[in-house]
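Report on one structure; see the data block that follows.
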Amino acid sequence: MKHSQIYTIFFIIFSLISIPIFHATAQSLHLRFSYGSWNQIVQKAQREGKLIFVDTYSPSCYPCKVMEKGAFKDRNVALLYNEKFINYKINMADERNMDFQAKYEIFELPTLLYFNEDGQLLRKETGGQNIQAFLRIGKEVIDNVHQRNNEIIASMTPSTPSFRTKPKEKPKEHKVKNSIQEETNLPPISPDTPITAPPPPISATKAAPMPPPPAPKKQRPTPKIVKNNPPPPPPAPTPPPAPPAQQPSQDTHQHHHQQHPMHPPQYASYPPQQQYNAVNAQPPIFEGAPVRPIQPIISTKNNLPTPQQRLVDLTAEYHSSEHTSELLYELAYLSKKYYRPYNMVVNEYLQSQHNNLDSEENRAFVYDFSINLENRAIDIFLNDIHYFKETHGSKEINERLTDAIHNSILVAIRERDYPLFEKAQAIVENIDLPNKEAFLFEIRSIFYQGTEDWDTYADLVTKYFRSRDITDPVLLGDVAWAFHQYIHDGKRLKRALRWIEASIQIENEYYNNHIYAALLYKIGAVDDAIEAAKKAIAIAKMRRVEFDETIDLLNRIYGR
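For the sequence shown, the numbering used here gives the first residue as -14, with consecutive numbering after it.
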């Protein structure tokens, strides 16, 4: 008994040490970026059944900053991109990202890249995009992927049912092993990758040809940054022409090609099958791991069906015959991969396994589908959470839970699903998270902003700020800016003024001085607003940051 108690105490202490701390930082509804290596981002997209959006930028890129302040902080952009994409930033000024830059021919900044869940490029856009254009592009990528999948699937007819005579093969998603690649030496299966026969084996009497020696490392290219001035003419001799730049549209900022006339952009060749480890804007959360597709193991030998054909067969069988656990198991994975509804199938499979939920196979299934709060997998996951923390570590489990909650909060906003929102709150209140009050405040804040319930949002913020000493200047600034945009009650606006004044006392920077000026102008303190705006501009000049927003504010004040 004593040994058991000692083990329990040790496990709790270890869990608390391992769990990441949630900080009450910016609670605004804006683009939520993930961090880590490129391989980890692809794995996350496969796990959650999402596409990938990549913003390539550099600290000196002005249009990148325009998007950061504009499109990335827009409410409608956040609702779409956070629900449908894993969002990722890559700093092109970091030399560790040279291979990524060369692979995708990034000649201008910003370059916006869209990938499927297997890391295959779907679309590439260059130049800074305004809110409307950025929304349109994201919707077109989503619609094109769904349309292509639907067309492929609609073109197929169910083949002869063979499910009952075929042994069940389970996807080992929680393992790194990739049976498709091991059996056929083919790249991961995706809707865009045709399945062909594997290459013939090399004869034992004939040695394989040696690969050519690697090319010498070329000079690091410098991506061109969009600006407003045309480039100077190049001196003689004229260098080889660079690839033509995309012409700006009315949705994009003007381009300026920053290059060295005597040294046109040169990009190192990219070795085939090399794994990327693009370095993100912030340090990786954990070490890299090989990319693996998350999908049922379907052999390409002996002319067996493609994954799309298999999905058609299983769907037809699902609607026409008895639902065996084998059918439900495989159909759930394929439905997630091809963006089809899967929660009902997941629930039906788990119901069929109610007496065997603690098997290794079913625990792996629960783990793989506990990516939202809309199916029974999350409930079983929470009831068995000690097992998953022991096997996967507290850090990974808590990251998975917070991602699942964020995913379902976005669904609750889109569907106005208040029971789902209540379930998210109840889960946070009943699980062991450090700083859970801050996380609970975050999801409530996002939900009320997303549903545009500004009165409830204002009450939530006021109560939260009164009950604790808020010392995060960015949080104070974000909330004050939300009040400036959406709150019109004078008493509440004066309260937001006190918060932004506290932010300035903690960190006297351009952003919070600009918010202070905007709030003063909104409550009618015009002279004070002008003085605050001039102070914000002076700080911006000293910090060498752009201050166009404050110039626009002064023009509105002066009636220009």
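Ideal placement from N, C-alpha and C gives every residue a C-beta, glycine not left out.
Values in this document were obtained by computation on a predicted structure and should not be read as measured data.
- As for any beta strand (DSSP E) of minimum length 3 sitting wholly inside the segment 35 to 82, the runs are 36 to 42 and 70 to 76, ordered along the chain.
- Annotated three-state conformation of Arg325 is coil, per DSSP.
- Between Tyr89 and Lys74, the beta carbon gap of about 15 Å keeps them out of contact (Cβ cut-off 8 Å).
- Where Leu98 is concerned, the enclosing beta strand (DSSP E) starts and stops at Thr96 to Phe100.
- Distance between Ser19 and Ile71, taken at the CA atoms: about 7 Å.
- Excluding sequence positions up to five before and after Ala443, its CB lies within less than 6 Å of the CB of Ile472 and Arg477, all in the same chain and listed in chain order.
- Secondary structure note for Thr535: its alpha helix (DSSP H) is the uninterrupted segment Asp533 to Ile542.
- Taking 7 Å as the cut-off, the Cβ atoms of Leu98 and Val62 do not count as close.
- The C-alpha of Thr300 lies about 11 Å from the C-alpha of Val330.
- Note: Lys109 is bridge-paired with Leu98 in the DSSP secondary-structure output.
- Boundaries of the alpha helix (DSSP H) around Arg32: Trp23 to Glu33.
- In the three-state scheme derived from DSSP, where H, G and I count as helix and E and B as strand, Ser393 is classed as helix.
- When DSSP states are grouped into helix, strand and coil, Phe18 belongs to the strand group.
- For Val297, the uninterrupted alpha helix (DSSP H) run begins and ends at Pro292 to Ser305, by DSSP.
- In the same chain as Asn67, and ignoring 5 residues on each side of it, the C-beta atoms closer than 8 Å to its own belong to Leu16, Arg17, His391 and Leu395, in chain order.
- Closest option to His469, judged by alpha-carbon separation, among Thr456, Trp484 and Asp457: Trp484.
- Excluding its 5 nearest sequence neighbours in each direction, Ala397 has C-beta neighbours in its own chain below 6 Å: Leu405 and Phe406, listed in chain order.
- For Met527, the uninterrupted alpha helix (DSSP H) run begins and ends at Val511 to Arg528, by DSSP.
- Look at Glu93 here: in three-state DSSP terms it is strand.
- Nearest Cα to Asn82 within the set Gln117, Tyr352 and Asp40: Asp40.
- Nearest in C-alpha terms to Ile542, of all of Glu531, Lys526, Ala525 and Ile508, is Ile508.
- The three-state secondary structure of Gln338, taken from DSSP, is coil.
- Close CB contacts of Lys69 within its chain, under the 8 Å cut and outside five residues either way in sequence, are with Lys35, Leu36, Gly123 and Ile127 (chain order).
- Between Asp457 and Gln410, the alpha-carbon positions lie close to 24 Å from each other.
- For the pair Ser488 and Leu461, the CB atoms are nearer than the 7 Å cut-off.
- If you look at Ile138, you'll find it in the alpha helix (DSSP H) that goes Ile116 to Ala139.
- Here Gly55 has Asn115 and Ile116 as same chain residues with Cβ atoms under 8 Å from its own Cβ, once five neighbours each way along the sequence are excluded.
- The residue among Arg480, Tyr303, Pro290 and Pro419 with its C-alpha nearest the C-alpha of Ser144 is Pro290.
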